[in-house]
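These notes are about the structure you will find just below.
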Amino acid sequence: MTVDIRDHLLSVEKPAQYLGNEINSVHKKEFKAHMCLFFPDIYEVGMSNVGIRILYDIMNKVNGFYLERGFSPMGDMEEVMRREKIPMFSLESKTPLAEFDLIGFSFSYEVSYTNALNALDLAGIPFHREDRGEEYPLIMAGGTCMMNPAPMEKFVDFMVIGDGEDTMVEIAKIFSENPDKSKKEKLHMLDGLEGVYIPEIHKNKKKIKRAIVRDFDKTEFYDRQIVPYMLIVHDRAAVEIQRGCTRGCRFCQAGMVYRPVRERTLENNMKLIEKTIEATGYSEVSLSSLSSSDYSKIGELLGSIQNKYGENNLGIGLPSLRMNPYSVKVAEQITSGKKTGFTFAPEAGSQRLRDVINKGVTEEEILETAEAAVKAGWDTLKFYFMIGLPF
Numbered sequence: 017m018t019v020d021i022r023d024h025l026l027s028v029e030k031p032a033q034y035l036g037n038e039i040n041s042v043h044k045k046e047f048k049a050h051m052c053l054f055f056p057d058i059y060e061v062g063m064s065n066v067g068i069r070i071l072y073d074i075m076n077k078v079n080g081f082y083l084e085r086g087f088s089p090m091g092d093m094e095e096v097m098r099r100e101k102i103p104m105f106s107l108e109s110k111t112p113l114a115e116f117d118l119i120g121f122s123f124s125y126e127v128s129y130t131n132a133l134n135a136l137d138l139a140g141i142p143f144h145r146e147d148r149g150e151e152y153p154l155i156m157a158g159g160t161c162m163m164n165p166a167p168m169e170k171f172v173d174f175m176v177i178g179d180g181e182d183t184m185v186e187i188a189k190i191f192s193e194n195p196d197k198s199k200k201e202k203l204h205m206l207d208g209l210e211g212v213y214i215p216e217i218h219k220n221k222k223k224i225k226r227a228i229v230r231d232f233d234k235t236e237f238y239d240r241q242i243v244p245y246m247l248i249v250h251d252r253a254a255v256e257i258q259r260g261c262t263r264g265c266r267f268c269q270a271g272m273v274y275r276p277v278r279e280r281t282l283e284n285n286m287k288l289i290e291k292t293i294e295a296t297g298y299s300e301v302s303l304s305s306l307s308s309s310d311y312s313k314i315g316e317l318l319g320s321i322q323n324k325y326g327e328n329n330l331g332i333g334l335p336s337l338r339m340n341p342y343s344v345k346v347a348e349q350i351t352s353g354k355k356t357g358f359t360f361a362p363e364a365g366s367q368r369l370r371d372v373i374n375k376g377v378t379e380e381e382i383l384e385t386a387e388a389a390v391k392a393g394w395d396t397l398k399f400y401f402m403i404g405l406p407f
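Taken in order, the sequence shown gives residues 17 to 407; the numbers are from the numbering used here.
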């Protein structure tokens with residue numbers, strides 16, 4: 017079955033988010049296993065997620081496996097869907113979620129838990145795993161908010177805890193090689209994969225260690241990133257130059273989730289950047305990391321990018337920099353291309369609170385770094401602060 021939403025597109029806001037035929041989107045006619053990777057938030061947020069870009073490209077390279085995307089509809093589209101009894105659907109083929117072999121929810125933040133349940137409700141799929149027979153797909157979950165699986169274990173059949181690249185590819189292979197097996201048989205085949213927690217099998221019986229990509233430099237390239245037809249939150253090519261963080265900020269979930277620090281080599285970062293720019297046509301690339309200036313070869317990487325793309329005015333985004341003199345030197349290297357916003361994260365407005373949360377930056381460093389950034393040509397500075405910190 018294919019859902020037809022064409023008659024409703026002109027009546028909803030941002031109809032481009034429901035089309036699913038963007039540049040580099042994948043459309044397969046023959047496959048043995050079918051999965052919808054569902055980001056439980058709206059399109060412009062989900063399409064900015066680097067994890068979605070990575071999994072979409074590498075899992076669609078598995079023979080016999082077809083991965084589509086799904087996103088939460090905006091309020092006006094949800095109203096149409098409920099009124100017209102249109103089931104929640106995938107983006108590429110407009111297949112109802114209930115007809116997939118596997119639905120995978122990617123959780124980046126806790127408030128999206130209820131969005132996932134809303135998607136299941138729109139799809140006509142029972143919430144609780146014990147209420148879903150063979151006629152329904154298996155439901156899985158992953159992402160940073162699955163480090164604690166307890167809030168969602170009643171609703172999903174299994175979770176992937178930790179890094180997804182290696183484990184998700186193995187899951188894709190198991191599903192494509194065993195299309196006729198029952199759901200229970202497939203779950204037992206998944207038992208033992210790194211980072212896979214299956215409540216029905218493991219609860220109160222076995223501790224599951226998170227999956228870790230040990231050789232980050234050998235991970236599959238994800239250069240064929242989708243280019244949306246509409247503006248998204250981070251509308252640029254994204255290359256994760258390293259994973260993990262050496263700091264021990266007390267508030268930081270990501271710093272714990274992505275340990276230890278692993279780098280991609282300078283050569284492979286350049287190859288991935290070149291392939292991504294060629295495949296997408298983007299004029300801006302984000303060097304994604306929890307702290308771009310901590311990458312050991314950041315100076316050489318920026319120099320290499322400018323040597324290759326200086327004449328093409330390629331914008332370089334450094335999404336997260338330490339507030340220190342070294343970061344200023346890194347920033348000053350970006351002398352060509354469009355200067356994107358400069359982002360700092362003081363996190364707290366007073367030195368006392370920054371010390372409490374172990375942020376490790378002084379007020380003098382904040383002002384010094386901001387002043388140097390302006391002198392180097394940035395006219396947009398972004399500061400992240402948290403409210404509600406203890407003490």
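The beta-carbon is built from N, C-alpha and C at its ideal position, and this holds for glycine as well. No experiment lies behind these values; they were computed from the predicted model shown.
Whole-Å CB distance - residue i paired with residue j, under 8 Å assumed
i    : j    : result
M286 : S320 : 5 Å
L154 : F143 : Contact flag wrong, Cβ pair sits at about 14 Å.
P103 : L118 : Incorrect: roughly 17 Å between the Cβ atoms, too far for contact.
G264 : P276 : Going by Cβ atoms, the distance from G264 to P276 rounds to 13 Å, so no, they are not a contact pair.
V229 : D182 : 6 Å
R280 : I257 : 6 Å
M90  : E29  : 6 Å
E300 : G333 : 6 Å
S192 : N79  : 7 Å
T160 : S124 : 6 Å
R423 : S302 : Because the chain here runs from 17 to 407, residue 423 falls outside it and cannot be looked at.
P335 : S309 : Wrong, their Cβ atoms sit about 11 Å apart, outside the cutoff.
L383 : V346 : Not really, about 18 Å apart at Cβ, beyond 8 Å.
I239 : L288 : Here residue 239 is Asp; the residue named in the question, Ile, does not match the sequence. With a Cβ gap of about 6 Å, D239 and L288 count as contacting.
Endpoints, the alpha helix (DSSP H) within which residue i is located
i    : result
R368 : Q367 to V372
L138 : Y129 to A139
P215 : P215 to H218
Where the beta strand (DSSP E) containing residue i begins and where it ends
i    : result
S302 : E300 to S304
K324 : Taken as a continuous stretch (DSSP letters only), K324 belongs to no beta strand (DSSP E), being part of the alpha helix (DSSP H) at I314 to Y325.
T385 : Segment E379 to K391 is the alpha helix (DSSP H) holding T385; no beta strand (DSSP E) there.
P406 : Where P406 is concerned, there is no enclosing beta strand (DSSP E), given that its DSSP letter is neither H nor E.
F360 : F358 to E363
I21  : Unbroken run through I21: none, as it is neither H nor E.
L154 : L154 to G158
G333 : G331 to G333
I119 : L118 to S122
Y400 : L397 to F401
With 16 other Cβ atoms within 10 Å as the buried cut-off, status of residue i
i    : result
E84  : buried
I68  : buried
T396 : exposed
D196 : exposed
R370 : buried
G208 : exposed
V212 : buried
Y400 : exposed
L107 : buried
R266 : exposed
E100 : exposed
K375 : buried
I39  : exposed
L306 : buried
S198 : exposed
G404 : exposed
T18  : exposed
M93  : buried
M402 : exposed
G178 : buried
K202 : buried
D231 : exposed
G297 : exposed
T292 : buried
D233 : exposed
S366 : exposed
S27  : exposed
N220 : exposed
A157 : buried
A361 : buried
_For the structure I just gave you, are there three or more beta carbon pairs, one from the segment 238 to 249 and one from the segment 54 to 69, closer than 8 Å?_
Touching, yes.
*Residue ranges of each alpha helix (DSSP H) within the segment 161 to 203, 4 or longer*: Counting whole runs of 4 or more residues, the segment 161 to 203 contains the alpha helix (DSSP H) stretches 181 to 193.
_Runs of beta strand (DSSP E) lying entirely within the segment 36 to 93, each at least 3 residues, in chain order_ = Within the segment 36 to 93, the runs of beta strand (DSSP E) that reach at least 3 residues and sit entirely inside it are, in chain order, 49 to 55 and 81 to 87.
*Report yes or no: do the segment 136 to 151 and the segment 166 to 175 share at least 3 C-beta pairs separated by less than 8 Å?*
The segment 136 to 151 is in contact with the segment 166 to 175.
*Which parts of the segment 228 to 284 are runs of the alpha helix (DSSP H), unbroken and 4 residues or longer, counting only runs that do not cross its ends?*
The alpha helix (DSSP H) runs of length 4 or more contained entirely in the segment 228 to 284 are, from start to end of the chain, 269 to 273.
*asked:* Using a Cβ distance threshold of 8 Å, determine whether the segment 66 to 82 contacts the segment 125 to 139, with at least three qualifying pairs required.
replied: As far as the Cβ criterion goes, the segment 66 to 82 does not touch the segment 125 to 139, which means the pair count is below three.
*Any chance the segment 24 to 35 sits against the segment 212 to 224, with 3 or more Cβ pairs inside 8 Å?*
Three or more beta-carbon pairs separated by less than 8 Å are not found between the segment 24 to 35 and the segment 212 to 224, which leaves the two stretches without contact.
*Using 8 Å as the Cβ pair cut-off and three pairs as the minimum, do the segment 79 to 99 and the segment 41 to 53 touch?*
Using a Cβ-Cβ distance cut-off of 8 Å, the segment 79 to 99 and the segment 41 to 53 are in contact, since at least three pairs of beta carbons, one from each stretch, lie closer than that value.
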